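Taking UniProt numbering, the leading residue of the sequence shown gets 1, the next gets one more, and so forth. Ideal Cβ placement from N, Cα and C applies to all residues, glycine included. Because the structure is a prediction, the values reported are computed rather than measured.
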Amino acid sequence: MSKLISAKKISLKNHPEIREDAIQKFIFDNPNVLGLGELEPIRREKIQVSGGRLDILLADDNGTRYEVEIQLGATDPSHIIRTIEYWDNERKRYPQYDHCAVIVAEEITGRFMNVIQLFNGAIPLIAMQIQAVKVGDDIQLSFVKVLDRVSYAVDEEDEVEPTDRNYWNKKSDVIKYVDEIFEDVIEYAPGFELNYNKYYIGVRKNGISQNFISFKPKKKFIYLNVKCGDDSNYIEELNEAGVEYTYDSRGRGLRLKISKMEEYKVNKAVFEKVIKEAMERKNIE
Numbered sequence: 001m002s003k004l005i006s007a008k009k010i011s012l013k014n015h016p017e018i019r020e021d022a023i024q025k026f027i028f029d030n031p032n033v034l035g036l037g038e039l040e041p042i043r044r045e046k047i048q049v050s051g052g053r054l055d056i057l058l059a060d061d062n063g064t065r066y067e068v069e070i071q072l073g074a075t076d077p078s079h080i081i082r083t084i085e086y087w088d089n090e091r092k093r094y095p096q097y098d099h100c101a102v103i104v105a106e107e108i109t110g111r112f113m114n115v116i117q118l119f120n121g122a123i124p125l126i127a128m129q130i131q132a133v134k135v136g137d138d139i140q141l142s143f144v145k146v147l148d149r150v151s152y153a154v155d156e157e158d159e160v161e162p163t164d165r166n167y168w169n170k171k172s173d174v175i176k177y178v179d180e181i182f183e184d185v186i187e188y189a190p191g192f193e194l195n196y197n198k199y200y201i202g203v204r205k206n207g208i209s210q211n212f213i214s215f216k217p218k219k220k221f222i223y224l225n226v227k228c229g230d231d232s233n234y235i236e237e238l239n240e241a242g243v244e245y246t247y248d249s250r251g252r253g254l255r256l257k258i259s260k261m262e263e264y265k266v267n268k269a270v271f272e273k274v275i276k277e278a279m280e281r282k283n284i285e
C-alpha cells in the first residue's frame, strides 16, 4: 500500500545550490514537463539581435515556437518586458511560424497577473508557476499553468498573400501529395481549384476562396487542414487508422499529418468522410 507523506516546499531562489541555469537545462532536456504537448528543444541562451539572450526556444510539430523566459522568485516588470520583447524579436525574424511567449516563475503575483492579462489575446502568452518540493535528497519540480494563451479563430482568407506553384516547389519536396489528394477531392467537389498563398495552399471556386480544406506542405510531409469544427464523429476512426492529427483551435478543425501517400491511400475513406463533413459545414454541395 502506498504511503502518504508530507513534502516540504522550498524556494529555488533562496536555495544555496540551485541556479537559474539548472532549471533552464532541466526544462530544455525535458520540455514536456511544461504540459504544452510534445515539444522539441531548439536552443538555449539564444542571442537576440537587440541584445540579451532568450532562455529557451521550443517548438511543436504544428509550426508553433515557444519563447520561454525563466525567473526564480516572483515576476517583476523587467521579466515581463523581456519576455514580450524576445517573443516579438523571434516572430519578426521567423514569420513563417506561429509564436507564443511563455513566462515561467516561482510566483506570478496578483499585480503582475493583472498586467499579463491585459496583454493576453493581443499577445499570445502563457504564464506558469514552478512549484518545488524536497523529497529526500532530491528536489521535485512541477509546473502549473496559471494563465493560458487566448487564441482567436482566424480564417485563412484573412491572411492571404498570393504566391504561385514555383514558390511551393522550392519549399517542399512532397508538393505532389497535394496534387494527388486534390484529384480525389474534386471528384466530390467539382469546379474547385488550388489557390496558392504564402502560408498555405487553399481552394477556390469561380475565383472565390472557400477553404473547407487547405494544405500546408512542409519539406518532407504535409498538413491537411480540414474545417470540420470540433466534431468528434471521426476521431475513433482516425485513431484506429493510425492517422496522426491534432485539433486546430484557430482553424476550427482537424490538422491531419500525411508523411507518406500510402498513409492517405490506405485510409482514403476516412479522409473523405472528414472532408465531406467540412463541406457540409460550409454548405458546399
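The Cβ atoms of residue 40 and residue 61 sit closer than 9 Å to each other. Counting along the chain, the unbroken beta strand (DSSP E) around residue 133 starts and ends at 125–135. When the alpha-carbon of residue 133 is set against those of 267, 110, 279, 9, the nearest one is in 9. The three-state secondary structure of residue 241, taken from DSSP, is helix. Going by DSSP, residue 140 is part of the beta strand (DSSP E) stretching over 138–147. Judged by DSSP in its simplified three-state form, residue 75 adopts coil rather than helix or strand. For residue 281, the enclosing alpha helix (DSSP H) begins and ends at 268–281. Under the DSSP definition of a beta bridge, residue 190 lacks any partner. Inclusion of residue 143 and residue 130 in the CB contact set at 9 Å is warranted, their separation being smaller than that value. Counting only the Cα atoms, residue 162 lies some 21 Å from residue 93. Of 166, 125, 141, 165, the smallest CA-CA separation from residue 147 is found for 125. Three or more beta-carbon pairs drawn from the segment 213–222 and the segment 164–177 are found closer than 8 Å, and the two stretches are therefore classed as touching. As computed with DSSP, residue 215 is found in a beta bridge with 201, 224.
Taken through DSSP and simplified to helix, strand or coil, residue 8 comes out as strand. Cβ atoms of residue 17 and residue 72 stay farther apart than 8 Å, at about 12 Å. For residue 22, the enclosing alpha helix (DSSP H) covers residues 20–29. Under the three-state reduction of DSSP, residue 57 is assigned to strand. In terms of CA proximity to residue 198, 214 leads the group 27, 59, 101, 214.
The C-alpha of residue 110 lies about 54 Å from the C-alpha of residue 180. By the 16-neighbour rule on beta-carbons within 10 angstroms, residue 274 is buried. Around the beta carbon of residue 227, a 10 Å sphere encloses 16 or more other beta carbons of the protein chains shown; the residue is thus reported as buried. Its chain contains 44, 55, 56, 70 as the residues whose beta carbon lies nearer than 7 Å to that of residue 24, once the 5 sequence neighbours on both sides are disregarded; these appear in chain order. With distances taken between CA atoms, residue 255 lies nearest to 245 out of 261, 262, 264, 245. Under DSSP, no beta-bridge partner is assigned to residue 115. For residue 257, the uninterrupted beta strand (DSSP E) run begins and ends at 253–258, by DSSP. Beta-bridge partners of residue 98 (DSSP): 64. Nearest in C-alpha terms to residue 35, of all of 165, 278, 239, 58, is 58. Scanning its chain for C-beta atoms nearer than 8 Å, with the 5 sequence neighbours on each side dropped, one finds around residue 167 the residues 196, 198, in chain order. Check the Cα spacing between residue 79 and each of 112, 66, 210: the tightest is with 112. According to the DSSP secondary-structure assignment, residue 209 is paired through a beta bridge with 204.
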